[in-house]
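Protein chains in written order, with the working numbering: chain A, 1 to 260; chain B, 1001 to 1260.
Take a look at the structure below.
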């Protein structure tokens, strides 16, 4: 990979990015994650992880493929049916889609919980403040009074009335170990990840193989459209969703899509 | 992509990384680039670029494929035949393969020149010092008295007796614009890049689609083996190398390789 392929020289604010640039979303993603590191929201390794994601997005064609849209619709129906849905936010999610996450939480009446792989009080505070700046009324993750079984202490820590008690969790860009541990707890997991072969989407009930910048607003749009439908309709949407087919379709696109 | 898939918790020194880990090279690469950012060698965007590279390496199978080994051999022959070869070093190259770059320079009698996309005096000084710590006797890039035509000033700046006057340049992980500009100057370019479709390998005379951590020592090993051969033999190795076939083979592996 080239060091700075398609990177703009220096951009102070994302409004300066050229919206008509053929790789606008990639530039926007990179800019937001870089700002996240500078603001102390995002761990340095999150920049590396985002780079990995950007390569998969490039191979996917940097668009929401049909199976990812179906997954987003199933995710919306799953969230609308949930009793105690929680959206888990880490440093990359906070940097990339703070406002979009708040909008999704509002659309499906979900809690937001900060949950970090490299957990420090400073980073949790910074992320909570960042989410509040982007409209969050309430942010969980500071109480830290429960543990996900089967993980080492720091990585297991969650809020007892948050992720621990949730029936449905949205875990975008989640570490594989934690996604597996949540799966063992019986949670219904909605994962956003650009590599269909990594463990998190593999264990998800609803894997959305898409860039989080596109996926989160898309789930929100589906949720708004589905709001008010009866449970039977929503359950049918969930039942019709085929997670294996969605993962296969994403892999096929990565294998066979046209690259530019 | 997951935020920290396969990342070790916290590693103070690369000797702590488990060499028997199935993704050892990926962990090592990530650790070195993270240290490079912390030491001021590597721009934050270099961490993102390395993440992109790591996704392509994963798709390649994290090994030197046969066509990449042939490219490394052709690169070695090209360097041994060169009159004024120069190895261009940016922040990622310095972080990832400082000692290996010095060894290659010694093996083929090439100059080393620091050449940065995001050029600052502090970063050039830090990279020069880092290369000297790893055995470099002489490092170009500080004189900065010539310009590559067709690029904006900061990105065009090189040493008149270095890259500007070189007949063969090794540009690992090079930006596409600069690779194209060097190509227009008539330089013979050896590029190391993990995405066979990005512009730098596309314009290279010898594109090596491989992880730089494997590729640079591999070129050195070929150079040592080829040292002392007559010009005719070296010229035949260069002539037999088929750059299009090498790029096609790398793309085919990315498309069709087994993923784990």
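Glycine is no exception: its CB is placed at the ideal position from the N, C-alpha and C atoms.
inquiry  = Can you confirm whether residue 1213 (chain B), when its beta carbon is compared against all beta carbons of chain A, has any partner nearer than 9 angstroms?
reply    = Taking a beta-carbon distance threshold of 9 angstroms, residue 1213 (chain B) does not count as an interface residue toward chain A.
ask   = Can you tell me whether DSSP reads residue 208 (chain A) as helix, strand or coil?
value = Three-state DSSP puts residue 208 (chain A) in a strand.
ask   = Which residue's Cα is closest to the Cα of residue 1086 (chain B): B:1162, B:1254, B:1233?
value = Measuring C-alpha to C-alpha distances from residue 1086 (chain B) to each of B:1162, B:1254, B:1233 identifies B:1162 as the nearest.
task = Below 8 angstroms CB to CB, which residues in the same chain sit around residue 1099 (chain B) once its five sequence neighbours on both sides are set aside?
result = Close CB contacts of residue 1099 (chain B) within its chain, under the 8 angstroms cut and outside five residues either way in sequence, are with 1134, 1135 (chain order).
message = What does the Cβ neighbour count give for residue 187 (chain A), buried or exposed, with the cut at 16 atoms within 10 Å?
response = Looking at its Cβ environment, which holds 16 or more other Cβ atoms inside 10 Å, residue 187 (chain A) is buried.
key: Contact residues within the stretch 119-144 of chain A, judged by C-beta distance below 8 angstroms to chain B   = The residues in question: there are none.
request  = Determine the direct distance from the alpha carbon of residue 1058 (chain B) to that of residue 1067 (chain B), and round the result to whole angstroms.
outcome  = Looking at the two C-alpha atoms, the distance is approximately 17 angstroms.
ask   = Relative to the alpha-carbon of residue 198 (chain A), which residue among B:1172, B:1138, B:1055, B:1145 has its alpha-carbon at the smallest distance?
value = Comparing Cα-Cα distances from residue 198 (chain A) to each of B:1172, B:1138, B:1055, B:1145, the minimum goes to B:1055.
task = On the DSSP bridge assignment, give the partners of residue 140 (chain A) in chain order.
result = Answer is A:113, bridged to residue 140 (chain A).
key: Same chain, Cβ closer than 7 angstroms to residue 73 (chain A), five either side skipped, listed in chain order   = Answer for residue 73 (chain A): 222, 237, listed in chain order.
Touch test, the stretch 1139-1153 of chain B against the stretch 1109-1117 of chain B, Cβ-Cβ under 8 angstroms, three pairs minimum = The stretch 1139-1153 of chain B is in contact with the stretch 1109-1117 of chain B.
ask   = When the Cβ atoms of the stretch 174-182 of chain A are set against those of the stretch 190-206 of chain A, are three or more pairs found closer than 8 angstroms?
value = At 8 angstroms Cβ cutoff, the stretches touch.
inquiry  = Which residue wins for smallest C-alpha separation from residue 1195 (chain B), given the options B:1232, B:1082, B:1049?
reply    = Checking every option, the nearest Cα to that of residue 1195 (chain B) belongs to B:1049.
task = Give a yes or no on whether the C-beta atoms belonging to residue 108 (chain A) and residue 101 (chain A) are separated by under 9 angstroms.
result = Their beta carbons are not under 9 angstroms apart, which means residue 108 (chain A) does not touch residue 101 (chain A) by this criterion.
query = For residue 1027 (chain B), which option in B:1062, B:1041, B:1242, B:1168 has the closest C-alpha, if you only look at C-alpha atoms?
reply = Ranking B:1062, B:1041, B:1242, B:1168 by Cα distance to residue 1027 (chain B) puts B:1062 first.
Contacts that residue 33 (chain A) makes with chain B (C-beta to C-beta distance below 8 angstroms) = Within chain B, the residues near residue 33 (chain A) are 1048.
query = From this set, A:25, A:249, A:41, which residue's C-alpha is nearest residue 117 (chain A)'s C-alpha?
reply = Out of A:25, A:249, A:41, the CA that lies nearest to the CA of residue 117 (chain A) is found in A:41.
request  = Work out the CA separation of residue 220 (chain A) and residue 76 (chain A) for me, nearest whole Å.
outcome  = Rounded to the nearest angstrom, the two C-alpha atoms are 7 angstroms apart.
ask   = Going along the chain, which unbroken runs of the beta strand (DSSP E) with 3 or more residues stay wholly within the stretch 1195-1248 of chain B?
value = Whole beta strand (DSSP E) segments, 3+ residues: 1206-1208.
request  = Could you tell me if residue 1019 (chain B) is buried or exposed, where buried requires 16 or more neighbouring beta carbons within 10 angstroms of its beta carbon?
outcome  = When all chains shown are included, residue 1019 (chain B) counts as exposed.
query = So residue 1095 (chain B) and residue 1036 (chain B) are in contact, right, with Cβ under 8 angstroms, and what is the actual spacing, rounded?
reply = With a Cβ gap of about 3 angstroms, residue 1095 (chain B) and residue 1036 (chain B) count as contacting.
inquiry  = Does any residue of chain A have a CB that is nearer than 9 angstroms to the CB of residue 1224 (chain B)?
reply    = It does not; no Cβ of chain A falls within 9 angstroms.
inquiry  = Which residues in chain A have a C-beta closer than 7 angstroms to the C-beta of residue 1150 (chain B)? List them in chain order.
reply    = By Cβ distance, chain A contributes nothing, its closest Cβ being about 16 angstroms from residue 1150 (chain B), past 7 angstroms.
Reference residue 210 (chain A); option with closest CA among A:249, A:83, A:125 = Checked all of A:249, A:83, A:125; the closest Cα to residue 210 (chain A) is A:249.
Helix, strand or coil at residue 99 (chain A) according to DSSP, with G and I counted as helix = Looking at residue 99 (chain A) - three-state DSSP - the assignment turns out to be helix.
query = For residue 1081 (chain B) and chain A, any beta-carbon pair shorter than 9 angstroms?
reply = Answer no: the Cβ-Cβ gap between residue 1081 (chain B) and chain A never drops below 9 angstroms.
message = Let me confirm a value: residue 224 (chain A) is counted as buried when at least 16 other C-beta atoms fall within 10 Å, else exposed. Which label applies?
response = The Cβ neighbour count for residue 224 (chain A), taken over all protein chains shown within 10 Å, is under 16; the residue is labelled exposed.
query = Going by C-alpha distance, which of B:1022, B:1071, B:1014, B:1043 is nearest residue 1207 (chain B)?
reply = The alpha carbon of residue 1207 (chain B) has as its nearest neighbour, out of B:1022, B:1071, B:1014, B:1043, the alpha carbon of B:1071.
Rounded distance between the beta-carbons of residue 1017 (chain B) and residue 47 (chain A), thought under 8 angstroms = In this structure residue 47 (chain A) does not touch residue 1017 (chain B) by the C-beta definition: roughly 19 angstroms separates them, more than the 8 angstroms allowed.
request  = Evaluate residue 256 (chain A) with the Cβ neighbour count: other Cβ atoms within 10 Å of its Cβ, from every protein chain shown; 16 or more gives buried, anything less gives exposed.
outcome  = Exposed, since its Cβ has fewer than 16 Cβ neighbours within 10 Å.
ask   = Using the beta-carbon of each residue, which ones in chain A are nearer than 8 angstroms to residue 1165 (chain B)?
value = Counting only Cβ-Cβ distances below 8 angstroms, residue 1165 (chain B) has no contacts in chain A at all, with the closest Cβ about 23 angstroms away.
7 angstroms Cβ cut-off: residues of chain B touching residue 44 (chain A) = The answer, in chain order, is 1034, 1037, 1047.
ask   = Whose Cβ in chain A lies nearer than 8 angstroms to the Cβ of residue 1051 (chain B)?
value = Those within 8 angstroms of residue 1051 (chain B) in chain A are 47, 48, 49, 50, 51, 52, 53, 54, 55.
query = So what's residue 64 (chain A) in DSSP terms, helix, strand or just coil?
reply = Shown here, residue 64 (chain A) sits in coil according to DSSP, grouped into three states, outside any helix or strand.
request  = Taking C-beta pairs closer than 8 angstroms, name the residues in chain B that residue 328 (chain A) reaches, listed in chain order.
outcome  = Residue 328 (chain A) lies beyond the stretch modelled for chain A, which goes from 1 to 260, so this question has no answer here.
task = Using three-state DSSP, classify residue 78 (chain A) as helix, strand or coil.
result = Under the three-state reduction of DSSP output, residue 78 (chain A) falls in the helix class.
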